[in-house]
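All residue numbers for the sequence shown refer to UniProt numbering, where the first residue is 1 and numbers rise by one. Even glycine gets a Cβ: it sits at the ideal position worked out from N, Cα and C.
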Amino acid sequence: MSAELVNLAAATTPGRLGAVAYGLAAIGPGVGIGLVFGHSIEAMARQPEAMPIIRTNMFLGFALCEVLALLGLVVPFIFQS
């Protein structure tokens with residue numbers, strides 16, 4: 001499997017390699033955002049009286065996941081050879 005990735009990296013140009021890296025970096029935050037919102041909705045359904053606290057924590061978790069996605073976008077440009 002790793003040999004296939006090395007061949008893929010060697011076959012692509014540096015600009016396309018950054019796009020591949022961002023695509024892979026966007027997978028984690030996408031899953032994280034889905035988990036944050038899914039569990040927040042579940043928690044609000046279980047305890048409606050705690051909705052303001054849960055909503056605040058939900059948006060904080062969303063912001064932190066989104067920062068990871070933006071970092072994945074910026075890092076290929078910073079470490080461009």
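Annotation for isoleucine 54: Ser40, Ala43, Met44, Gln47 place their beta carbon closer than 8 Å to its own, counting only its chain and skipping 5 residues before and after. Going by C-alpha positions, leucine 73 is about 23 Å away from methionine 58. In the displayed model, alanine 69 falls within a helix according to three-state DSSP. Taking a 10 Å sphere around the C-beta of proline 52, we find fewer than 16 other C-beta atoms and assign the residue as exposed. In this structure, the beta-carbon distance from alanine 21 to proline 76 falls below 8 Å. Sorting Gln80, Phe79, Leu64 by C-alpha distance to the C-alpha of valine 36 places Leu64 at the top. Secondary structure at alanine 26: coil, using DSSP grouped into helix, strand and coil.
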